[in-house]
Every structure is written in C-alpha cells, then in structure tokens.
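Protein chains in written order, with our numbering: chain C, 824 to 979; chain G, 53 to 528. Every residue gets a Cβ at the ideal spot worked out from N, C-alpha and C, and that includes glycine. Quantities reported herein were computed from a predicted structural model and do not represent experimental measurements. As structure tokens, the structure follows; a few thoughts come after it.
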Amino acid sequence: MTAAPGGFSASPSCSNPAAGAWETFAHGADVGVRGFGSSPAEAFANAGMALTSVVTSPGAVRPIRPRVIRCSAPDLGLLLYDWLNALITAMAVDRLLFGRFEVEIDGQVLVARAFGEPLDVARHEPAVEVKGATFTELEVARDPDGRWRAQCVVDV
Amino acid sequence: MDLSSLVKVGEFCWRVEPVDGMRVPAIFHADEALLRDMDDKVLEQLTNVARLPGIVRAAYAMPDAHWGYGFPIGGVGAFDPAAGGVVSVGGVGFDISCGVRLLLTDLTRKDIEGRQRELAEALFTTIPAGLGSTGGIVLAGEDMDAMLAGGAAWAVQQGWGEPGDLERIEERGRAAGARPEFVSEDAKRRQRKEIGTLGSGNHYLEVQHVGEIFDERLATAFGLNRRQVVVSIHCGSRGLGHQIGADFLRAMVVDAPRHGLRFPDRELASTPIDSELGQHYLGAMRAGINCALANRQILTDMTRQVFRRFFPDARLDLLFDVSHNTCKEETHEVDGAMRTVFVHRKGATRAFGPGHPDLPPALRASGQPVLIGGSMGVGSYVLAGMATSEAAAFSSACHGAGRAMSRTQALKQYSGRKIQDDLAARGIIVKCASTRGIAEEAPAAYKDLDRIAEVSERAGLAARVARLKPLICIKG
Numbered sequence: 824m825t826a827a828p829g830g831f832s833a834s835p836s837c838s839n840p841a842a843g844a845w846e847t848f849a850h851g852a853d854v855g856v857r858g859f860g861s862s863p864a865e866a867f868a869n870a871g872m873a874l875t876s877v878v879t880s881p882g883a884v885r886p887i888r889p890r891v892i893r894c895s896a897p898d899l900g901l902l903l904y905d906w907l908n909a910l911i912t913a914m915a916v917d918r919l920l921f922g923r924f925e926v927e928i929d930g931q932v933l934v935a936r937a938f939g940e941p942l943d944v945a946r947h948e949p950a951v952e953v954k955g956a957t958f959t960e961l962e963v964a965r966d967p968d969g970r971w972r973a974q975c976v977v978d979v
Numbered sequence: 053m054d055l056s057s058l059v060k061v062g063e064f065c066w067r068v069e070p071v072d073g074m075r076v077p078a079i080f081h082a083d084e085a086l087l088r089d090m091d092d093k094v095l096e097q098l099t100n101v102a103r104l105p106g107i108v109r110a111a112y113a114m115p116d117a118h119w120g121y122g123f124p125i126g127g128v129g130a131f132d133p134a135a136g137g138v139v140s141v142g143g144v145g146f147d148i149s150c151g152v153r154l155l156l157t158d159l160t161r162k163d164i165e166g167r168q169r170e171l172a173e174a175l176f177t178t179i180p181a182g183l184g185s186t187g188g189i190v191l192a193g194e195d196m197d198a199m200l201a202g203g204a205a206w207a208v209q210q211g212w213g214e215p216g217d218l219e220r221i222e223e224r225g226r227a228a229g230a231r232p233e234f235v236s237e238d239a240k241r242r243q244r245k246e247i248g249t250l251g252s253g254n255h256y257l258e259v260q261h262v263g264e265i266f267d268e269r270l271a272t273a274f275g276l277n278r279r280q281v282v283v284s285i286h287c288g289s290r291g292l293g294h295q296i297g298a299d300f301l302r303a304m305v306v307d308a309p310r311h312g313l314r315f316p317d318r319e320l321a322s323t324p325i326d327s328e329l330g331q332h333y334l335g336a337m338r339a340g341i342n343c344a345l346a347n348r349q350i351l352t353d354m355t356r357q358v359f360r361r362f363f364p365d366a367r368l369d370l371l372f373d374v375s376h377n378t379c380k381e382e383t384h385e386v387d388g389a390m391r392t393v394f395v396h397r398k399g400a401t402r403a404f405g406p407g408h409p410d411l412p413p414a415l416r417a418s419g420q421p422v423l424i425g426g427s428m429g430v431g432s433y434v435l436a437g438m439a440t441s442e443a444a445a446f447s448s449a450c451h452g453a454g455r456a457m458s459r460t461q462a463l464k465q466y467s468g469r470k471i472q473d474d475l476a477a478r479g480i481i482v483k484c485a486s487t488r489g490i491a492e493e494a495p496a497a498y499k500d501l502d503r504i505a506e507v508s509e510r511a512g513l514a515a516r517v518a519r520l521k522p523l524i525c526i527k528g
C-alpha cells in the first residue's frame, strides 16, 4: 500500500499496539478499518474492533449482551463486507456498540457473537455514525508474515 | 493530480480524450491549482466512469471533486437506457439525496444578537443530532411506505410545514416512481426512529447571516439581503438511504457477470437501467430521495417552531432544497437530439439555468438556487444555475468544499474544545454532542470554499449570489 496525498496513508492512524490486532487507516473523506489474526475469523473479529473504534473507544464499551450474527457469501471479501454491514445495521437499528467479538467461519458461512451494550451518548461520546462498509481497499489476504489481514474503507 | 494526460481546452476546462476502453472523454471543470490538489484517484475514477456502458457526452468532474467510491465525489455521468446504459450505486452514493435547504427569515443579525446563546441551546435540544439520536417520530408499516412514496409532500400532509414549501423543492418535494416494496426490511428498520434527525459527520443545521452579496439582481430575485438571517440544513436519507446503498451495491457486484459486465473497480458495480435489478434499485433509490426530502421537511418544521418561541412573527420561508447525491431521469441534448438519460450526480448539485421549465415560476428567470455547504467556521454559498451549465455538465455544479484532510489526521491535529472556543471568540456558537466529532470536522480540514465557488462561476456552472456566514452551528 502506498501513500497518496489526501488519500490512504501507509501508517496506521489509530491502533491497538499492545496486541497489534487492529487499526484504522486514513482515507480522503472517510476511514478504513483493518483487523489482523492467525485465521480469517480472528482477523474479522479484530476488524470489528477497528469498526467500533471509528465511533468510540472500544475499551469504553462493556461487552455485556451477545448478539448473534450470521452471514454467507461466495468469497471472503464479500463475507467481510456482509459482516461489517451486519454490525453497522445492528448498531444502527438497536443503538448498540460492540466491544468484543467471537467469530467462526466455515466455508462460505460466518457465525458470530458480538458482545456489547446500548449506546450511552454521555459515556461513549460517539464521534460519528458509520453509514456502510465499502469495496474500497476491501481485502482479506494472508500477509508474508503468515498473519491474515481483513480490511476495507467504511463510509462515515 | 498528475496533469500530463489532461489537455487544457478552456481557462477552467480540462479534458482527457477517450483511450483504453473509455467510451467518452473525461472533462474536469477546475483551474490548475484545484486540479493539482486533487488526488490521482479522481482521474482514475472519472476515466473509469467514462468506460461504463451507455454513458453519453462525457464524464464530468466538478471543481470540488475528490476521491469517492467508484465515482469521484463531485462526479457527473449520464446514461442512456436505449444504448445499454447502466445505473450505479456508487454514482449516487450511500447517503441518497443528501442535500441542503435554505430558509429565509425576515430577521437581521441584530435581532439574533443577545439571544444567540439561548437560541443555540433551544435548537440543540430540539433538533435530534448525532449518533443514536431519535426524532420522537416512529414510522413502520404503511406509514413508512407512505413516507417513502410521498417525500416532503407526505410530510406537509402530516402537518410538518406549509404547502407552499413544496414549490421550492426539486421535483416539487416528491420523487415520482418510488417503490417502497423494493426497500429492504433492514433499511426500514434502520429508519424506524430516524426520521426527523440530522445524522452525524458533516451534517449540520446552521443559523447564518448574509455576509456578502455578489450579484444584487439575483440576490433580490432569491429574497436575499445584507445582514439577513437565514437557516441552512444539510442532511440526507439517514439509515434508510445507507442501507439501500449497501444492499444494492452488493447485489450489483454479484449480478454483474449475468449481464456480461466487468468493472475496473468493484465499487463501480452497475447494472443495466432496463434490467430487473436496475429497476428495483431506481425504485428503492427514489424512495430514499423521498426519505431525505421528508426528513429535511420535518427538520424545517422543528426549526420554525423553535424560532417562533423567540420571534413569534418571524417568517422562515424556504428558498430552495437541493439534493447532491442522486440519479434522475432527465431530458438533455446528446449528439444534436433531445434524449432521456439518467443523470448521476454524486456530490454534485443540479443547476438548472434561467428559463428551465422545471423551475418554479418565481425562480424561472433567475435560474435554480444552488446551495453549497461549507465547514462550520467558513459558512456556505448561494449560487444560481447558469444557462452554460447545460452544455458544460448536464446542468450541474459543485456541492461543497470537500475535505483537504482525513478525519484521522484532523483528530490528531485539532482539539474539539479549542475549535469551539476559537469559533465562540469569533461569534459562532457550535453545539455538538461529541467534541471528537468537532475535531474531525475542523474548518481547516476542508478545502477553500471561496475558490471553489469562484471557479464554479468562471467555469460557467453556477454564478455566485451570496456568501453566508455562520452564527450558530448544530453539528450532527
């Protein structure tokens, strides 16, 4: 990935350095989310954390209630698109935020439990609403170091 | 942006001749400085749009163009169904019919002074803004479908606003051909409590004053005068529009091989206008337009109610309501003949020039008001569509300043609290539920709106009428 003026930056702009598990990256008008893991499922779970970080600090979200999410898609890229959009829809419809994810991927099917709590505007101070996942920089791939990376730009 | 593949064909017009599968030229309306500031991705995206089936005349970029999703933001493309033309989710955007409306008051800046803080507080507590806010109106079932079919006309019928408002909205406040049945249940669930809310991000409600007038004749025609207080509302179709975008973008990606379509960028996924999916998207997208029009109408009514608590006799008349994320069926001249085409305006404002038959009689002589949103410290512009904009870009103009800096960069560089304090020292009250949200929307994160408005005029797209300066900003 190369840096472009006003566009993507090669360097992460917000991350979880302790685990190195997720980060966000800059995009001209919006922001990208990226999760890493030893499997696609773990990378998807961490992409979910990066998604939460666009709205608020994931550490501020208490993982109290589980929400079961199921999606299926013909390839991992579309599955990531569906997974993030399912989270965005759940966040919007039920005014939820998620702080922990358990994801299983079996072939074309994803089954997950997203743990979170209702949005508390005073405590979470949400910065922005995420409108949707996009196909921009959408990629699920294994990096040379063996780690899986799941990422895309989200529209805010 | 690297200009080596562009040919300068006018002082404010640059062109890329069709190469490598481009069906039409790509035309940029901008000056050299604005072009150089644009990302290379804008060039890539506009030339990709020029490759889509059924595109006619050219793919156009507005002076505020920047990197978008498939289409550049500030991109215009028209497609002829008779020539296999397509409809594209990326050409409309996720926030369907995001737009701006301007309310004209008979108050002056002096009337507001002394009550500015109280008024800001009242607007902030009344206008639902920011993530998680709900409007107190719950819509479901038949009521939801009636809103999606009726738009602002439905809202007025329900008592939010005045029948005269409808004359001052594109398509008289209701997009014909909306098909609520093609809007997913997820989209409707997302909208259940979101009608009458501002949203977040760059959306706002601002109380402004007319700071500068560029054209007295047009200002008079629009009812604008110096020191007058006006109200701008910038928002869109909320969760419903976003979900329609996400649903149909996926469907078009999956369906593309069936139509033999291959795209250089999946974000550019499109489908033939005449296909079943194309017709379903158009029906759902028009329902999304109606949702945005109803939303801005309800917010207008809330604003009027707040103002009347402070100024019982005040008028808040709608000058106009524009949408800058749409696809509309319009008639334009193509190759010497009038043809019905589907004009995508992604981050671009329709800008009908004087005499256009679709303009309300009161505005027909002046041209369509083109409302350009800015950042909270800079204010906005009122422009008027020019006759030359028809040949220049299917009667289109710019829509805003466009970001010069990413959200993450702005967050690193600015403090929301400090921005609030600095603007307060300049007489601008900013109210927002999130100080981080203010930092991400820092005025310095946006491009120079003055230059974009000037270039829009000099490129023959829309003439400057007035510049509006903020007094109160309710941030989404």
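Within 10 angstroms of its Cβ, does residue i collect 16 or more other Cβ (buried), or is it exposed?
i: D365 of chain G; result: exposed
i: R88 of chain G; result: exposed
i: Q931 of chain C; result: exposed
i: I247 of chain G; result: buried
i: K162 of chain G; result: exposed
i: K470 of chain G; result: exposed
i: P232 of chain G; result: buried
i: K521 of chain G; result: buried
i: M824 of chain C; result: Confidence is the limiting factor: at M824 of chain C the pLDDT is only 31, short of 50, which leaves the residue's position unreliable, though a coordinate-based value still follows. M824 of chain C should be labelled exposed.
i: V61 of chain G; result: exposed
i: S56 of chain G; result: exposed
i: I887 of chain C; result: exposed
i: A866 of chain C; result: buried
i: A321 of chain G; result: buried
i: Q209 of chain G; result: exposed
i: G426 of chain G; result: buried
Whose Cβ in chain G lies nearer than 9 Å to the Cβ of residue i?
i: A955 of chain C; result: It is Gly, not Ala, that sits at residue 955 of chain C in the sequence shown. F146, H294, Q295, G297, A298, L301, listed in chain order.
Measuring alpha carbon to alpha carbon, tell me which residue in the options is nearest residue i.
i: V374 of chain G; options: G:G437, G:A85, G:N100; result: G:G437
i: A134 of chain G; options: G:W206, G:D353, G:R391, G:D72; result: G:R391
i: G275 of chain G; options: G:E328, G:D307, G:R220; result: G:R220
i: D132 of chain G; options: G:Y466, G:L523, G:E194, G:V395; result: G:V395
i: S185 of chain G; options: C:A915, C:W845, C:W906; result: C:A915
i: A339 of chain G; options: G:M428, G:G225, G:V306; result: G:G225
i: A883 of chain C; options: C:T875, C:V977, C:S862; result: C:T875
i: D197 of chain G; options: G:R241, G:G454, G:G187, G:A518; result: G:R241
i: R970 of chain C; options: C:E927, C:G922, C:G858; result: C:G858
i: P881 of chain C; options: C:W845, C:G900, C:G922; result: C:G922
Helix, strand or coil for residue i? Go by DSSP, reduced to three states.
i: V71 of chain G; result: coil
i: S832 of chain C; result: Low per-residue confidence applies at S832 of chain C: pLDDT is 32, beneath 50, and the placement is therefore not dependable enough to give any value.
i: M354 of chain G; result: helix
i: M968 of chain C; result: A small fix is needed here, since residue 968 of chain C is Asp in this sequence, not Met. In the structure shown, D968 of chain C sits in coil (DSSP, three-state: anything other than H, G, I, E or B).
i: L320 of chain G; result: helix
i: L475 of chain G; result: helix
i: Q974 of chain C; result: strand
i: W119 of chain G; result: coil
i: L961 of chain C; result: coil
i: N277 of chain G; result: coil
i: L58 of chain G; result: coil
i: L368 of chain G; result: strand
i: D307 of chain G; result: helix
At a cut-off of 8 Å, would you count residue i as near the ligand ATP, judging by its Cβ distance to the nearest heavy atom?
i: G142 of chain G; result: This structure lacks the ligand ATP, and indeed carries no ligand of any kind.
Since residue i meets chain G, which of its residues come closer than 7 Å, beta carbon to beta carbon?
i: G858 of chain C; result: Near G858 of chain C there are no residues of chain G at all, since even the closest Cβ is about 17 Å away, more than 7 Å.
Which bits of chain C does residue i rub up against, with CB to CB less than 9 Å?
i: I125 of chain G; result: G851, A852
i: W212 of chain G; result: The contacting residues do not exist; W212 of chain G stays about 23 Å from chain C at best.
i: R519 of chain G; result: Chain C residues near R519 of chain G: none, gap ~23 Å exceeds 9 Å.
Taking Cβ-Cβ distances shorter than 8 Å, what residues in chain C pair up with residue i?
i: E319 of chain G; result: T957, F958, T959
i: A485 of chain G; result: V944, E948, P949
Going along chain C, which residues have a C-beta under 7 Å from residue i?
i: R242 of chain G; result: T912, A915, V916
> Which residues, in order along the stretch 939-951 of chain C, keep a beta-carbon less than 8 Å from a beta-carbon of chain G?
Replying inline: L942, V944, E948, P949, A950, V951
> Quick one, which residues of the stretch 96-107 of chain G are near chain C if we go by CB-CB under 8 Å, in chain order?
Replying inline: Residues of the stretch 96-107 of chain G with a Cβ closer than 8 Å to any Cβ of chain C: none.
> the stretch 908-936 of chain C: which residues have C-beta closer than 7 Å to a C-beta of chain G, in chain order?
Replying inline: So the list reads N908, T912, A915, V916, R918, given in the order they occur along the chain.
> According to a CB-to-CB cut-off of less than 7 Å, which residues of the stretch 865-889 of chain C neighbour chain G?
Replying inline: V878
> According to a CB-to-CB cut-off of less than 9 Å, which residues of the stretch 440-461 of chain G neighbour chain C?
Replying inline: G454, R455, A456, M457, S458, R459, T460, Q461
>> Using a Cβ-Cβ cutoff of 8 Å, what residues of the stretch 251-262 of chain G are near chain C? List them in chain order.
In response: G251, S252, G253
> Name the residues in the stretch 967-979 of chain C whose C-beta lies less than 9 Å from a C-beta of chain G; which are they?
Replying inline: V976, D978, V979
>> Using a Cβ-Cβ cutoff of 8 Å, what residues of the stretch 227-240 of chain G are near chain C? List them in chain order.
In response: D238
> What are the residues of the stretch 107-119 of chain G that lie near chain C, defined by any Cβ-Cβ distance shorter than 8 Å?
Replying inline: H118, W119
> Taking any Cβ of chain C, which residues in the stretch 65-94 of chain G have a Cβ under 9 Å from it, in chain order?
Replying inline: D89, M90, D91, D92, K93
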